[in-house]
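Novice: Handing you a structure now.
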Amino acid sequence: MLQKLTLPHGTIQLPAFLPDGTQGVVRATDAHDVAACHIQAMQMNVFHLMQRPGSSTILALGGLHQMAGWQRPIFTDSGGFQIYSLIRQNPKSGSINERGATFRPAGNTRRYKLTPEKSVQLQLSYGSDLVICLDDCTHVDDPHAEQVKSVQRTVQWAQRCKAEFVRLTVEREQRPYLIAVVQGGNDPELRRRCAAELLEIGFDGFGYGGWPLDADGNLLTDMLALTRELVPPQFTLHALGVGHPASIMQCVHMGYELFDSTLPTRDARNGRLLIFHADPANTALQGSDWFSYIYIKDKKHIKKSRPLDPFCDCHCCIHYSLGYLHHLYTLNDHLYFRLATIHNLRFMTRLMQNLRAEISE
């Protein structure tokens, strides 16, 4: 397992969790809030950014780092998963072929086109520190023929992405990382084929592609473990979309180093707050009961004067009580969303600090 990743805007200690600021913001917070939670890097998304605020606006505002006031590394997702999800929900919203994807999001009158080359061009123009190749995503339950087609397309697109990436970065003194995504659904042979062909092309790292959960919401541990075995340890491996604390712990023990998800911040806004059962700075996290959720809307919290998590050093837990958070939530006040998001982000970074310490020992 790699210990760190050195990128144009800084060095990341691994393993690391990245919150998804898909449209250039981790909702309800600013860059200072996020940095104070010890977040090392953010992940943003081409699919959303090219729509809002739009590529010309991002460039006019100086790129993603300047626009968002964030001077640490930014990863940019290619948008492959979002395009697939959009078309899966509504086949009339777009199409995917060998050239790329064409799509029109709900409520949008404009039709967008995204090719492997354009995805790389946009990510580099935004100032990304880590560029993710455009991939053809599938659901784990999709028919075998669809999975085969996805792997073929993903490899072809990755080859085109790398060619465009090399063309645009050949004269850069410090270039971003380029990672490719391993597809193959729940088929071990397709995963092996995809990983082998991507390794032959050559990338800085790789990502686990496709929905990481089965139909019952269980982590696809067999496929995740296989993909880690297929990717040599000198390459970082990103568990794309994995954000549940228990799932992250499982994946770290398999050898994954990078994680991103909207889950912790979305949970915070919806009143589901993460707490440790013991101080993670001094305790090995074992079994399945090392953390739980507090549902802030529960009336039993009305008069609780203690902090949300007595082991937490975040701005929320240091300054405010559980009862006050309940009060803010019932008011639907914006301060609740900020404080809750700060807390859940700090939970995630404390988890990663614990796992890094465990690995180093």
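With the working numbering applied, the sequence shown covers 487 to 847.
Every residue, glycine too, gets a C-beta built ideally from N, C-alpha and C.
Predicted model, so just to flag it, every value in this text is computed and none were measured.
(1) Give the list of continuous alpha helix (DSSP H) stretches no shorter than 4 residues that lie fully inside the region 586 to 638.
(2) With DSSP run on the structure shown, which of helix, strand or coil describes phenylalanine 561?
(3) Mapping DSSP to helix, strand and coil, what is tyrosine 663?
(4) I need the boundaries of the beta strand (DSSP E) containing tyrosine 806, first residue and last residue.
(5) First and last residue of the beta strand (DSSP E) that includes phenylalanine 503?
(6) Histidine 739: buried (16+ other C-beta within 10 angstroms of its C-beta) or exposed?
(7) Glycine 671 and glycine 696: beta carbons closer than 8 Å?
(8) Is the CB-CB distance between methionine 530 and glycine 555 below 8 Å?
(9) Count the C-beta pairs between the region 631 to 649 and the region 603 to 614 that are closer than 8 Å, then say yes if the count reaches three, no if not.
(10) Do three or more CB pairs link the region 512 to 529 to the region 567 to 581 at distances below 8 Å?
(11) Would you identify the three-state DSSP class for histidine 763, choosing helix, strand or coil?
(12) Look up leucine 749 in the DSSP assignment and say whether it is helix, strand or coil.
(13) Can you find at least 3 beta carbon pairs, one from the region 806 to 814 and one from the region 830 to 840, that sit closer than 8 Å?
(14) Around the Cβ of arginine 824, are there at least 16 other Cβ atoms within 10 angstroms (buried) or fewer (exposed)?
Specialist: Put simply:
(1) 602 to 612
(2) strand
(3) strand
(4) Segment: none, tyrosine 806 is in no beta strand (DSSP E) and carries neither H nor E.
(5) 502 to 505
(6) exposed
(7) yes
(8) no
(9) yes
(10) no
(11) coil
(12) helix
(13) no
(14) buried
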